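Notes follow once the structure below has been shown.
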Amino acid sequence: MSGIGSTSFRGVLAAALVLNGCATKSETPPRAGVSFPPVFRANFPDPFILEHEGRYLAYATNDGANVQMAASTDLMNWRLLMEEGASGRKHDAMPVLPTWAKEGFTWAPEVLKTDAGYVLYFTARHTANGLQCIGAATSQDPLGPFTSEASAPLVCQEALGGTIDASPFRAPDGQLYLYFKNDGNHSAFNKPTELFAQRLSQDGLQLVGEPVSLVRNDKPWERHVVEAPTMVERGGAYFLFFSAGDYGWQDSERVSSYAVGYATCEGPLGPCVDAPTNPFLASTSQPCLSGPGHQAVFQAGGKDLMAFHSWSATPSCGPANQGRFMHLAELSWQNGVPRLAPR
């Protein structure tokens, strides 16, 4: 795909990195009129970023590889990782799927370092039941190859439509948790969607106890779906970010209702209460911000950053078939309330 190699946005990130000064000027989350231009103009959905040995590694949903990757040393210039030699193939962090998984449906990878090394959590199509389910694979190198000998998914809520969007979290006391969503909006099920949390073993490869429901799609802006959970702890407070709304957009407007919200939680297993100001980050008519979502939070230089994707579908951005671009914004906290900096 042309234009996939690298993208420069020095002015964009420089503006984002003055967040703490900007955020104090606003008491409301960014909405219409606020723009976060993409940092990587390639189809790179559901991005997750991991810092490793002085550079940042980004993982994304399948597009020419089961788990495609990009890298940057400065968060300003990204390059898609390719296989060595003249093959022209994308680097694949998990070139071989476990036996239970079908290729072509590998979504939303996230990575956590545990006692087992690096663990890659992913969503894939279960060959036995046709549902999307969550698996885990390991590697001693965050570049992979990640492998799994498992004959079944780590979690698959068959009665609830399957399970997607795994997100690991290490609490301040060291306990590991996994967050995920039941795929109830699957066309064959038409069930409510919920975000769940469950304890993990210290190697990150086994679920412990029972899942706990934290958030359900019961708010008008969420429409038929909540998904993509991300748990963050700051100052003893817990914040569960998530995405919701319609995945696509109206052809006449090309601005999606998909958006990011959050809930405040008493602990890693809840209970959680939706923020009354949701959505936290929504579409605008500004370039390339149609349906921002599937966020991930990471740290760089002692600051919190949020990565997310949005469609390239706005009229001022480009052809909608270019897919979902990756964006970055700095995340700050004011009196216990998360804020994203306006550009």
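The sequence shown begins at 9 in our numbering and counts up by one.
Cβ atoms here follow ideal geometry from the backbone N, Cα and C, with glycine treated the same way.
In this text the structure is predicted, and so the values were computed from the model without any measurement.
Is the beta carbon of Val268 sitting closer than 7 Å to the one on Leu297? For the purposes of this step, residue 268 is taken as the residue at position 260 of the sequence shown. For the purposes of this step, residue 297 is taken as the residue at position 289 of the sequence shown. Cβ atoms of Val268 and Leu297: not closer than 7 Å.
Tell whether a beta-carbon distance below 7 Å holds between Trp257 and Ser251. The count along the sequence shown starts at 1 and reaches residue 257 at position 249. The count along the sequence shown starts at 1 and reaches residue 251 at position 243. Taking the C-beta atoms as reference points, Ser251 is found no nearer than 7 Å to Trp257.
Under three-state DSSP, which class holds Glu235? The count along the sequence shown starts at 1 and reaches residue 235 at position 227. It is a strand residue.
Could you tell me if the beta carbon of Ala252 falls within a distance shorter than 6 Å of some heavy atom in the ligand FMN? The ligand FMN is absent from the structure shown, which contains no ligands of any kind.
Where Ala101 falls, given that 16 or more other Cβ within 10 Å makes a residue buried: Residue mapping note: residue 101 aligns to position 93 of the sequence shown, counting from 1. Per the 10 Å Cβ criterion, buried.
For Leu277, which residues of its own chain have a beta-carbon under 6 Å away from its beta-carbon, when the five flanking residues on both sides are left out? By one-based count along the sequence shown, residue 277 stands at place 269. Answer for Leu277: Ala205 and Val220, listed in chain order.
For Asn329 and chain C, any beta-carbon pair shorter than 7 Å? Absence of chain C from the displayed structure is noted, only one protein chain being present.
Looking at the strands, I want to know which residues DSSP matches up with Tyr185. Numbered from its first residue, the sequence shown carries residue 185 at position 177. For Tyr185, the pairing in a beta bridge is given by DSSP as Phe177 and Arg207.
Distance between beta carbons of Thr146 and Ala132, contact taken as under 8 Å: As a first step, residue 132 must be located in the sequence shown, where it is residue number 124. As a first step, residue 146 must be located in the sequence shown, where it is residue number 138. The C-beta distance from Ala132 to Thr146 rounds to 16 Å, too long to fall under 8 Å, and the pair is not in contact.
Quick check on this structure: which residue in Gln76, Val240, Lys311 and Ala109 has the alpha carbon closest to the alpha carbon of Arg178? One-based indexing of the sequence shown puts residue 178 at position 170. Among Gln76, Val240, Lys311 and Ala109, the Cα nearest to that of Arg178 is on Val240.
Residue closest to Leu105, alpha-carbon to alpha-carbon, out of Ala158, Ala337, Gly212 and Phe247: Working through the sequence shown from its first residue, we reach residue 105 at position 97. Closest by alpha carbon: Ala158.
Gly299: buried (16+ other C-beta within 10 angstroms of its C-beta) or exposed? Taking the first residue of the sequence shown as position 1, residue 299 is located at position 291. By the neighbour-count rule (16 or more Cβ atoms within 10 Å), Gly299 is buried.
Indicate the three-state DSSP secondary structure (helix, strand or coil) for Trp229 in the structure shown. One-based indexing of the sequence shown puts residue 229 at position 221. Secondary structure at Trp229: helix, using DSSP grouped into helix, strand and coil.
Length of the line joining the Cα atoms of Val234 and Arg97: By 1-based counting over the sequence shown, the position of residue 234 is 226. By 1-based counting over the sequence shown, the position of residue 97 is 89. Their backbone Cα atoms lie some 34 Å apart in a straight line.
State the Cα-Cα distance for the pair Ser320 and Gly152, rounded to the nearest angstrom. Residue 320 sits at position 312 when you count from the first residue of the sequence shown. Residue 152 sits at position 144 when you count from the first residue of the sequence shown. Cα to Cα, Ser320 sits roughly 29 Å from Gly152.
Distance, Cα to Cα, Gly301 vs Ser318? Position 293 of the sequence shown, counting from 1, holds the residue named residue 301. Position 310 of the sequence shown, counting from 1, holds the residue named residue 318. C-alpha of Gly301 to C-alpha of Ser318: approximately 6 Å in a straight line.
I'd like to know whether the C-beta atoms of Gln303 and Thr238 end up nearer to each other than 7 Å. For the purposes of this step, residue 303 is identified with residue 295 of the sequence shown, where counting begins at 1. For the purposes of this step, residue 238 is identified with residue 230 of the sequence shown, where counting begins at 1. Less than 7 Å separates the beta-carbon of Gln303 from that of Thr238.
Using only alpha-carbon positions, find the residue among Thr272, Thr292, Thr107 and Pro279 that is nearest to Thr285. As a working mapping, residue 285 is identified with position 277 in the sequence shown. The option with the nearest alpha carbon to Thr285 is Thr272.
Assuming Ala144 and Leu162 form a contact by the criterion Cβ under 8 Å, report the distance between their Cβ atoms to the nearest whole angstrom. Taking the first residue of the sequence shown as 1, we reach residue 144 at position 136. Taking the first residue of the sequence shown as 1, we reach residue 162 at position 154. Going by Cβ atoms, the distance from Ala144 to Leu162 rounds to 5 Å, so yes, they are a contact pair.
Endpoints, beta strand (DSSP E) assigned at Ser298: By one-based count along the sequence shown, residue 298 stands at place 290. First-last of the beta strand (DSSP E) with Ser298: Ser298 to Ala308.
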